[in-house]
Every structure is written in structure tokens, then in C-alpha cells.
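Undergrad:
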Amino acid sequence: MTDGHLFNNILLGGRGGTNPGQLKVHAGGIAWRKQGGGKIIEIDKADITSLTWMKVPRAYQLGVRIKDGLFYKFIGFREQDVTNLTNFIQKSIGITPEEKQLSVSGHNWGGVDINGNMLTFLVGSKQAFEVSLADVAQTQQQGKTDVYLEFHVDDTTGANEKDSLMDLSFHVPTSNTQFVGDENRPPAQVLLEKILSLADIGSSEEAVVTFEGIAILTPRGRYGVELHLSFLRLQGQATDFKIQYSSVVRLFLLPKSNQTHTFVIITLDPPIRKGQTLYPHIVIQFEAEAIVERHLSLSEELLATKYKDKLDAAYKGLTSEVFTKVLRGLSGAKVTRVGSFRSCQGGYAVKSSLKAEDGLLYPLEKGFFFLPKPPTLILHDEIEYVEFERHGAGGSSVSSHYFDLLVKLKNDQEHLFRNIQRSEYHSLFDFISGKGLKIMNLGDAQGTNGVSAVLQNSDDDAVDPHLERIKNEAGGEESDEEDEDFVAEEDDGGSPTDDSEEEESDARESGDEKEV
1 MTDGHLFNNI LLGGRGGTNP GQLKVHAGGI AWRKQGGGKI IEIDKADITS
51 LTWMKVPRAY QLGVRIKDGL FYKFIGFREQ DVTNLTNFIQ KSIGITPEEK
101 QLSVSGHNWG GVDINGNMLT FLVGSKQAFE VSLADVAQTQ QQGKTDVYLE
151 FHVDDTTGAN EKDSLMDLSF HVPTSNTQFV GDENRPPAQV LLEKILSLAD
201 IGSSEEAVVT FEGIAILTPR GRYGVELHLS FLRLQGQATD FKIQYSSVVR
251 LFLLPKSNQT HTFVIITLDP PIRKGQTLYP HIVIQFEAEA IVERHLSLSE
301 ELLATKYKDK LDAAYKGLTS EVFTKVLRGL SGAKVTRVGS FRSCQGGYAV
351 KSSLKAEDGL LYPLEKGFFF LPKPPTLILH DEIEYVEFER HGAGGSSVSS
401 HYFDLLVKLK NDQEHLFRNI QRSEYHSLFD FISGKGLKIM NLGDAQGTNG
451 VSAVLQNSDD DAVDPHLERI KNEAGGEESD EEDEDFVAEE DDGGSPTDDS
501 EEEESDARES GDEKEV
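Per the UniProt record's numbering, the sequence shown starts with residue 1, numbered consecutively.
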């Protein structure tokens, strides 16, 4: 018996369109990862409340509802997958998926079913469409019989490049028996009150907390940052951005090595656009020692229910910490902090340059992050190999004090980090080898391009014991074992983004299954 089923080319449905990825259904639950890096969704089987199958155009859709009301749609299964996966789900998860039918009659009259944060319009017993109430920005009653819903529109490319639902109206006649009212409270008002109790209505009117004069390095400028219930807003002198929390993949809190500033990075999928430039990472720079005190504009009821154990009524502390804690509580995104790596001077990063830009390279527990420009995130499991290169070919005394680090990805993309101080080699080598990453030129220790050449210096005649150890180990076999996939629950790892090109898949378009 296998411990799970793996499917390629499974689409995650959402308000911004669909994203292809890889889905694994295993004994512990369900995991989906965007193809080429990006969003990761992991659902524990204990959190699953119901599962549904639905025939959609050219494929089948698996619907997954979890305890907090969220509903995920995974599209791209074949007919034979439905039977095999249903049997596995029944045995391993203990839930029997329900079969639902899609209405194709074109009728625009029927009933409304509200389950969790999903509103479904039914024609008879068949589903015509559904919308997430988390995407509702405003709602109001128009006259005695109509309910009007207006939806969030943000500045991510997913919202800009695809057709997006702007508003929706429901006509609820006074004779409606589903939402029973009276002369002073018609059925339309009953439906409105039901929607208001589940949607983040009013979040566009008042921010939960505001931070003024924040220095953002990409996209560059000073912005006022407003954190609302379901989105954040960046207000600059010439540019404003509105970003749904559903687009926030992960947060990073990375102190600079000199301790004068701290980076907070908001990783987005899809990214925001400014002109023709896409920004998958918002890089914010805070003063490391700045203290702030903030009281959140949240009712006691919300703090005690929806945000229990997620947010406090007030915060006081370092600005970077307060900002990160509040944004994490509102968005639900995980936070990555610095890991075990320390430079030769005890810092969290090493100075280097990428392309024409100088910056800092952070070796994290699950990846590398170059900051501030261009912000580049590389996960360990995206890496084919790394290669240490001697800096320059002229043999000058200046070049002998530096080396380069080449990172080759599995999709053949390369990142060359240049001008790393020679004194940082030991720390980087130990960290990289400790993570099990393949070092390409380890076996070329005696050659001009091997790792020993990186450390060679005509001014140093003494035997380097670290170099001798490398030479002794160079003849050993390299491990071809791949790194573990990124684990979404851990706070010390990287988070995949679209910095790397999408991986090619040899699976069929309908979604080939692999047993694992």
C-alpha cells in the first residue's frame, strides 16, 4: 500500500484565476505547491470538515473545506483519479467525498447557501457559482428587495491581468422563505445581516493600525502603511498599492549585520506591478533600535474570537517586531527569521554583489536571500549545485582577497554572487556542506578552479588545516540526495517565489498521478 498519491498540473482555483502546481494527498492530509515556486498550502486531515467532487469543463474538481471556514478548489483530475482517490481518502482521512453537480442551465434564479466563508448560488440542487465572502469589500441593501456586494480589487498582477468580479446583486423577494423576515425586517435585510457577520465588511473604512513614514527599498519610496482586516495599503506621494492578504506568501525578519537597520520583507504571489516592473518582494527597512507603541482598532469581540491567540489589543516594542507581529496576526503568513549561520564577524549575512548591485547574502535554514536589490530568494530544494570560484584571473593582491559563489538551479538558471570576502569562506563552506547541498568543484581541490584555489593566497605560506581537510574529503563521493521540500509550518525556512523560472513538467495536461 502506498502512503499517498501525487498529481502534477493540478490547478488551484481562486479570485485571480488558476495556478498550476503539484498536489499530494497523503495519510496526514493534503499538500499543494505552486509549479516553479510560490504558494504552498498544507492542510492537516484533522482540519478537514468536508470534501466534494464536481465535474467541471474537461476535468474534475476536488473541493476541500476546513474548520476555519476556508474552502480550497483543486482542478485537473481525470475520471479514473476520482475513484482511486476517493478510496484512499476514505481509508486514510476517514471522510467520504460528496459528489456535487454544476448547473449549466443558465438560469439566474435559485437559492443561496452560505457555508463558512463561501456563498454558493444554487439552481435547484446544482451549483451555479460560488464566491468567497472574504473577498467582499462592501455590501448594502438597495430598496427592500436587493442586496449589493462589492468585491476587493488590489494591485497584484493576478487581479490586473485577468477578468475580475467587481460587484454582484441579489434580488430577494419579500415572499422568500429561506431568509424569513417581517414588515420591518424584509428577507433582503436578513441575507445582508448574514453576509455582514461573515465578511470583513468595513475594513476599507478604518485601518487596524497605521505606520507612517516607512522606508521601502523596493519599490523605492517612503510610504504610510495601513494594515486592515483583509488587506494592507501602501500610500506614497505618487503611488498607492492595495494588497490582499491572500497574496502574502511569507514574511521575513532579517537584521542587518551592522545592527543599525532591520529588513522586513513581504513576499507576494502574485506580485505587485509598478509600470512594467513586477515586485514579488516588498523590502522594508526599519531602524533597528526604534521603539513604537500601537493600540489596535479591533473590537473586544474580534480579539476574543477571530483573532484569539493571534493578536493583542496593544503592542510596544521594536518597530520591526510590532509591524511583523500585527501583519502576521492579520494575514496568517508565517515568519522566517535568521537561522544558525554566522559570518566570520558574527553577523547574519555576508557582503556580496549580484549583477551590478552590492548587498547582503543571507544563508537561511531553507534557502538564500540576497537583499536589498534585486531581492532574490533561492530555496535549497531549487538548487542543483553550488560552486566556489576564485575571484578574478589576474592574480592581483586585491582579487586574491575575494571569491565568487555560483548557484546553479535545477531549471538551469544561475545566480553569481561576487566579491565575497575570503575570510567568509570557512563559514559559508561549512554551512552549505552541512545542508547537504552539492558543491560542484569539491573534487577539483588541486586544480586552479577548485575550492582550494579560492583560499590560495601567495602571501600565506602556513598550512591551513581547514583547507587540508577539504583536500582529504575531495575524493569522497558526492551525495545525490535531494533536499526536503519546504515545510510551511516552520519559521526558519525560506519561502518559494517566482524569482526562479517555472520548472518544466513532463506530466500530461490532465494531471498525471504518481504513487509515492
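Here a beta-carbon is modelled for each residue, glycine too, at the ideal position from N, C-alpha and C.
(1) Pick helix, strand or coil for S320, following the three-state DSSP scheme.
(2) For the beta strand (DSSP E) containing N8, name the first residue and the last one.
(3) For A314, which of K408, E382, V209, I383 has the nearest alpha-carbon?
(4) Tell me which same chain residues have a C-beta within less than 7 Å of the C-beta of E206, skipping the five on either side of it?
(5) For Y245, write down the residues that DSSP places opposite it in a beta bridge.
(6) Where does the unbroken beta strand (DSSP E) through A59 begin, and where does it stop?
(7) To the nearest angstrom, report how far apart T262 and F241 are at their CA atoms.
(8) Is it a yes or a no for the region 249-262 touching the region 348-365, going by three-plus beta-carbon pairs under 8 Å?
(9) Counting Cβ pairs closer than 8 Å, one from the region 330-338 and one from the region 244-251, do we hit at least three?
(10) So, residue 519 versus L227, is the Cβ gap smaller than 9 Å?
(11) So for A215, helix, strand or coil by DSSP?
(12) Less than 8 Å between C-beta atoms, sequence neighbours within five positions excluded: which residues of the same chain meet that for L318?
(13) Sort L196, I432, K67, K34 by Cα distance to K366 and report the nearest one.
(14) Look at the Cβ atom of F71, then the Cβ atom of I10, and state whether they are nearer than 9 Å.
(15) Identify every residue that forms a DSSP beta bridge with E150.
(16) Terminal residues of the continuous alpha helix (DSSP H) containing A304?
(17) Could you say if the region 215-222 and the region 363-379 meet the contact criterion of at least three C-beta pairs nearer than 8 Å?
(18) G224 lies in the beta strand (DSSP E); which residues open and close that run?
(19) Looking only at its own chain, which residues have a Cβ that is under 6 Å from the Cβ of N19, when we skip the five neighbours before and after it?
(20) Span of the beta strand (DSSP E) holding P270?
(21) By DSSP, does N87 sit in helix, in strand, or in coil?
(22) State the Cα-Cα distance for the pair Q80 and S125, rounded to the nearest angstrom.
(23) Taking the DSSP output, what are the residues bridged to S340?
(24) So which of V64, S320, V112, Q189 has the shortest CA-CA distance to I93?
(25) Could you compute how far the alpha carbon of A46 sits from the alpha carbon of Q22?
(26) So, for R328: in the same chain, excluding its five sequence neighbours on each side, which residues have a beta-carbon less than 7 Å away from its beta-carbon?
(27) Would you call the CB atoms of D269 and K39 closer than 9 Å?
(28) Between D312 and the rest of its own chain, which residues show a CB-CB distance below 7 Å, the 5 nearest in sequence each way excluded?
(29) Taking buried to mean at least 16 other C-beta atoms within 10 Å of its own C-beta, is Q244 buried or exposed?
(30) By DSSP, does H107 sit in helix, in strand, or in coil?
(31) Starting from Q127, trace the beta strand (DSSP E) both ways and give me its first and last residue.
(32) What does the alpha-carbon distance come out to for the pair N115 and K67?
(33) Could you give the distance in angstroms between the alpha-carbon of T86 and the alpha-carbon of A59?
(34) Please work out which residues of its chain come closer than 6 Å, Cβ to Cβ, to R418, disregarding the five sequence neighbours upstream and downstream, and give them in chain order.
(35) Considering only C-alpha positions, which residue in the set K144, L278, V112 is nearest to F129?
TA: According to the data block:
(1) As a working mapping, residue 320 is identified with position 320 in the sequence shown. S320: helix per DSSP, three-state reduction.
(2) Here residue 8 is taken as the residue at index 8 of the sequence shown, counted from 1. Element bounds for N8: 4-14.
(3) Residue mapping note: residue 314 aligns to position 314 of the sequence shown, counting from 1. Minimum Cα distance to A314 is reached at V209.
(4) The residue labelled residue 206 in the question sits at position 206 within the sequence shown. The answer, listed in chain order, is S297.
(5) For the purposes of this step, residue 245 is taken as the residue at position 245 of the sequence shown. Answer is none; Y245 lacks a bridge partner.
(6) Counting from one through the sequence shown, the residue named residue 59 turns up at place 59. Here the beta strand (DSSP E) through A59 covers 59-66.
(7) The residue you call residue 262 lines up with position 262 of the sequence shown. The residue you call residue 241 lines up with position 241 of the sequence shown. A direct Cα-Cα distance of roughly 22 Å separates T262 from F241.
(8) With a cut-off of 8 Å, the region 348-365 and the region 249-262 count as touching, because enough Cβ pairs lie within range.
(9) yes
(10) As shown, the chain starts at 1 and ends at 516. That puts residue 519 outside it, with no answer to give.
(11) As a first step, residue 215 must be located in the sequence shown, where it is residue number 215. Assignment of A215 by DSSP, reduced to helix, strand and coil, places it in the strand class.
(12) Counting from one through the sequence shown, the residue named residue 318 turns up at place 318. Once the five neighbours on either side are set aside, the close Cβ partners of L318 are T262, F286, A288, E289, A290, I291, V292.
(13) Residue mapping note: residue 366 aligns to position 366 of the sequence shown, counting from 1. Per the Cα distances, I432.
(14) Translated into the one-based positions of the sequence shown, residue 71 becomes position 71. Translated into the one-based positions of the sequence shown, residue 10 becomes position 10. No.
(15) Your numbering for residue 150 matches position 150 in the sequence shown. Paired residue(s): Q138, D167.
(16) Along the sequence shown, one-based indexing puts residue 304 at 304. Taken as a continuous stretch (DSSP letters only), the alpha helix (DSSP H) holding A304 covers 300-304.
(17) yes
(18) Residue 224 sits at position 224 when you count from the first residue of the sequence shown. Per DSSP, G224 belongs to the beta strand (DSSP E) from 221-227.
(19) As a working mapping, residue 19 is identified with position 19 in the sequence shown. Excluding residues within five positions, the ones whose Cβ falls inside 6 Å are L12, K34.
(20) For the purposes of this step, residue 270 is identified with residue 270 of the sequence shown, where counting begins at 1. First-last of the beta strand (DSSP E) with P270: 261-274.
(21) By 1-based counting over the sequence shown, the position of residue 87 is 87. Note: N87 maps to helix in three-state DSSP.
(22) Residue mapping note: residue 80 aligns to position 80 of the sequence shown, counting from 1. Residue mapping note: residue 125 aligns to position 125 of the sequence shown, counting from 1. About 25 Å.
(23) Counting from 1 along the sequence shown, the entry for residue 340 is found at position 340. Residue pairing from DSSP leaves S340 without any beta-bridge partner.
(24) In the sequence shown, counting from the first residue as 1, residue 93 sits at position 93. The residue with the shortest Cα to Cα distance from I93 is V64.
(25) Your numbering for residue 46 matches position 46 in the sequence shown. Your numbering for residue 22 matches position 22 in the sequence shown. Taking the straight line from one Cα to the other gives about 21 Å.
(26) For the purposes of this step, residue 328 is taken as residue 328 along the sequence shown, with counting starting at 1. Contacts found: L251, V335.
(27) In the sequence shown, counting from the first residue as 1, residue 269 sits at position 269. In the sequence shown, counting from the first residue as 1, residue 39 sits at position 39. Against a cut-off of 9 Å, the Cβ pair of K39 and D269 comes out as a contact.
(28) The residue given as residue 312 occupies position 312 in the sequence shown. Once the five neighbours on either side are set aside, D312 has no close Cβ partner at all.
(29) Position 244 of the sequence shown, counted from the first residue, corresponds to residue 244. With 16 or more other Cβ atoms within 10 Å, it is buried.
(30) Sequence index remark: in the sequence shown, residue 107 carries index 107 (1-based). Coil at H107, not helix or strand.
(31) In the sequence shown, counting from the first residue as 1, residue 127 sits at position 127. Residues 126-132.
(32) Taking the sequence shown and counting its residues from 1, the one referred to as residue 115 is at position 115. Taking the sequence shown and counting its residues from 1, the one referred to as residue 67 is at position 67. Each residue's CA atom was taken as its position, placing N115 and K67 some 11 Å apart.
(33) Against the sequence shown, residue 86 aligns to sequence position 86. Against the sequence shown, residue 59 aligns to sequence position 59. If I take the Cα positions, the gap works out to 16 Å.
(34) Taking the sequence shown and counting its residues from 1, one reaches residue 418 at position 418. Correct list, in chain order: S353, D404.
(35) Locating residue 129 in the sequence shown gives position 129, counting from the first residue. It is V112 whose Cα lies nearest to the Cα of F129.
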